[in-house]
Amino acid sequence: MFRTNLREMAMVGGVASVLALVGTGTMSPKWFGCFASLGRSVEDAVSCARSSLGGIVTAPESKPIPGPVCVLVAADGNILGLDGAALIATSDTACCRSDLPVMTGFVPTTVVVGDVLPVAEVVVGMAVLKAFESRPEMLKALSEINLGDLDNPRVILRGGIVVDLGGGHYKRKVERLSQVLGELKRLEAKPKTIDLRFARQVVVRCNEPSNSIKKEV
């Protein structure tokens, strides 16, 4: 059976090459139907030929090129660098910036560069990351996004403050967090945990055992 890469032939020789093959008997006239219309794309031709050949002809597949690393993943002994589309950009984090936030709390489904991590944890983690990216000063403060509980992703800020975000509305919650941190700085308080899970209240626990602040927002 005659086999060929129709995509390569169409790109290099064009329709003239196909006509020549049909004329010499190398290509069956029924295959020429794949190229009969000059308006057809190469993808259409490959699809048509695949049907004629029972799946022998396939178009070459290529993985998307990852963008710059914006977050690290530390899970199950693997350290990976992801770009903004959750594509694995590198497994060599030695070349990544040391100030990048880290996602934790789950096991990656793949460690191959160019693959995407389509797990639910990554979807939530990227949503949290984008919310922090909307406020550059908050992104600089972000150290870790823990995704062990998807109903309550937890972030750790540089300096050790633990923040419970709860589910959804992350951009709004990051804005509230920025306001609360500003107020705590004014009060010279030293927060240990900040709980943003409640609709109208932020609960702050400070390092001193007797200190607990509840702020209505």
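Residues in the sequence shown are numbered consecutively from 3, following my numbering. No residue lacks a Cβ here, since even glycine has one placed at the ideal position from N, Cα and C. The model shown is predicted, which means the values in this text are computed figures rather than measured ones.
Considering only Ala-88, Phe-108, Ile-196 and Pro-193, the residue with the shortest C-alpha distance to Val-114 is Ala-88. Selection Lys-192, Ala-191, Ile-90 and Asp-166 evaluated against Gln-203 yields Asp-166 as nearest (Cα-Cα).
In the DSSP secondary-structure assignment, Arg-156 is bridged to Asn-148 and Asp-166. Where Pro-138 is concerned, the enclosing alpha helix (DSSP H) starts and stops at 138-143. For Arg-178, the three-state secondary structure derived from DSSP is helix. For Gly-184 and Phe-134, the gap between their C-alpha atoms comes out near 16 Å. Counting C-beta pairs closer than 8 Å gives fewer than three between the stretch 117-132 and the stretch 91-100, which falls short of the contact rule. Leaving aside the five residues that flank Asn-154 on each side, the residues in its chain whose CB is nearer than 8 Å to its CB run, in chain order, Asp-166, Leu-167, Gly-168, Gly-169 and Arg-199.
In the DSSP assignment, Met-105 is bridged to Val-75 and Ile-147.
DSSP, read as helix, strand or coil, puts Arg-207 in strand.
Taking a C-beta distance under 8 Å as the contact criterion, Ile-147 and Gly-127 qualify as a contact pair.
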